[in-house]
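S.K.: Take the sequence shown: its position 379, counting from 1, is numbered 381 in my numbering, and each next residue is one higher.
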Amino acid sequence: MVELLFLGGMFSALLTVYLLLVSKNETKSYADYLLSILFLLQIYCTFLYLFIHSGFINVAPYLFKTGAPVNFIIPPLAYLYVRAVLYNEKGFSKFDVVHFIPFVLFFINYLPFYLMPIAEKSDIVRAAVLDQSLIYKHNAGVLPEYVLFIMRLLQTIIYLIFNWVLVIKFKKNNLSKPVQDQIIAVINWLKFFNWSGVFNLGGMILLILLVLVFNGSFIITFLNLIPGLIISLSFFAISSYLLVNPKVLFGLPFVKYNEVPSSILDDDSQRIHFITEDYSKEIAHIKSFFLEHKPYLKSSININQVSVEIGIPARELSFILNNHFGLRFNDFVNNHRITFVTERLNPDYLKDYTIETLSISAGFTSKSTFNAAFKKIHNCTPSEFLANSY
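The structure is reproduced here in structure tokens:
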């Protein structure tokens, strides 16, 4: 059961990363990259867990304990992700390096084990597979293993507090009707994100208590299933949430902000952003630009080019198209192209031009793409539309 949940979580996380970095290529942001890295690291740690508990780690003993320091990257990455979503951050600040000091320290702690001769390491791994309590008890680094557990627990608690403070503070200060639905959607996602961290923390605490109380003998009892079930459920839930609620991927960087000093962020020069404006001017600008300049007639047009032309950031432009017009950029462009074609799709025009030539002049690069876009709007082919109209 636990293994199936972990596998489901890994699969969902990979799909989410694909959605963030490939499928959602129009609106990739710094926050998207952070979340993708976070999921990939969780996938790696989950893979190692399954690899060890299945015994396959004997095939690749050099992977043993490589996930231990990686676990110290996940809480700060989660914090930086929440902060980036809420405050429209574009990249790391120089002070953010501090968040990764624990990872560096514990990586150094395990260096003697990583540099150990493979034969000696293989013996340790084989023993850990036979008696899996050694996974938690064997001191592979310079520091005792229980120090790692305690530090990881404390780090997780601290960053969960940071995350909740960010969300609560932002929600309190940002109540703007024009974008309230999106704010609610994103805040609900970040709450879910934080709650999954809380449940994961609960699983970690229970695991540590079982190690201390039962001294590892719990490995062969049903009690071992409880922390594993909690951790795997939280991982599966968070990794599948975005697949069910893709709207939250647009985040909050699409809005206009006023800035005031903030005491909750790491650097005093950073600001809390208060959402104050709607998009009426931007919407009117987009409409007039497409009406007057007809950028859709260029077959190679993309959202970044339009963004530069009209002076609206690509992420904000994509959000407006999706939420006001209800269309992705490609569909928005194709709708204008089909309108251009439909206005000329008459017997007089077709005396001199073919339908295919008309589609090319409208910006379509292939007959199949044109037919698919036309049918999506008119529920018939161009020839059927012409026959029904004349």
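Yeah, the Cβ is synthetic: ideal placement off N, Cα and C, and Gly gets one too.
Please read all numbers here as calculations on a predicted model, not as lab measurements.
(1) Rounded to whole angstroms, what's the CA-CA distance from I274 to V87? Just pull it up for me.
(2) As a quick exercise: from Y355, D98, Y281, F291, pick the residue whose alpha carbon is nearest that of F321.
(3) What do you reckon, are the CB atoms on F238 and G10 nearer than 8 Å?
(4) Assign D350 to buried or exposed, taking buried as 16 or more other Cβ atoms, counted over all protein chains shown, within 10 Å of its Cβ.
(5) On the criterion of 16 or more Cβ atoms from any shown chain inside 10 Å, does G230 qualify as buried, or is it exposed?
(6) V250 to P114, Cα distance in whole Å?
(7) Report the option in Y243, A33, F151 whose CA atom is closest to the CA atom of L212.
(8) What number of angstroms, rounded off, separates the C-alpha of L162 from the C-alpha of N196?
(9) Work out the CA separation of P146 and N27 for me, nearest whole Å.
(10) What would DSSP say about V72, mapped onto helix, strand or coil?
(11) When the distance is taken between beta carbons, is V84 closer than 8 Å to L245?
(12) With distance defined between alpha-carbon atoms, name the residue in L209, I228, I160, L235 nearest to F194.
(13) Taking all protein chains shown into account, decide if Y355 is buried (16 or more other Cβ within 10 angstroms of its Cβ) or exposed.
(14) Quick one, are the C-beta atoms of P104 and F74 less than 8 Å apart?
(15) Using C-beta distances below 8 Å, list every residue in its chain close to V131, excluding the 5 sequence neighbours before and after it, in chain order.
(16) In chain order, what residues of the same chain have a beta carbon less than 7 Å from the beta carbon of I222, not counting five sequence neighbours either side?
(17) List the whole-angstrom C-beta distance separating I303 from L319, where the pair is believed to meet the contact cut-off of C-beta under 8 Å.
(18) Here's the rule I'm using: 16 or more other beta-carbon atoms within 10 Å means buried, otherwise exposed. How should A374 be labelled?
(19) Can you give the Cα-Cα distance for E91 and D34, rounded to whole angstroms?
(20) Consult DSSP for I314 and reduce its assignment to one of helix, strand or coil.
(21) Go to S370, then tell me how far its alpha helix (DSSP H) extends in each direction, as first and last residue.
M.R.: By the coordinates alone:
(1) Its pLDDT being 41, under 50, I274 is placed unreliably in this model, and the coordinates cannot settle the point.
(2) Y281
(3) yes
(4) exposed
(5) buried
(6) 44 Å
(7) F151
(8) 7 Å
(9) Here N27 scores only 48 on pLDDT, less than 50, and its place in the model should not be relied on; the value that follows carries that caveat. Looking at the two C-alpha atoms, the distance is approximately 45 Å.
(10) helix
(11) no
(12) L235
(13) exposed
(14) yes
(15) I54, G57, I59, N60
(16) Because I222 sits at a pLDDT of 46, beneath the cut-off of 50, its placement in the model cannot be relied upon, and the following sentence gives the value as read from the coordinates. For I222, where only same-chain residues beyond five positions count, there are no Cβ hits under 7 Å.
(17) The Cβ separation is near 13 Å, so there is no contact.
(18) exposed
(19) 11 Å
(20) coil
(21) 369 to 380
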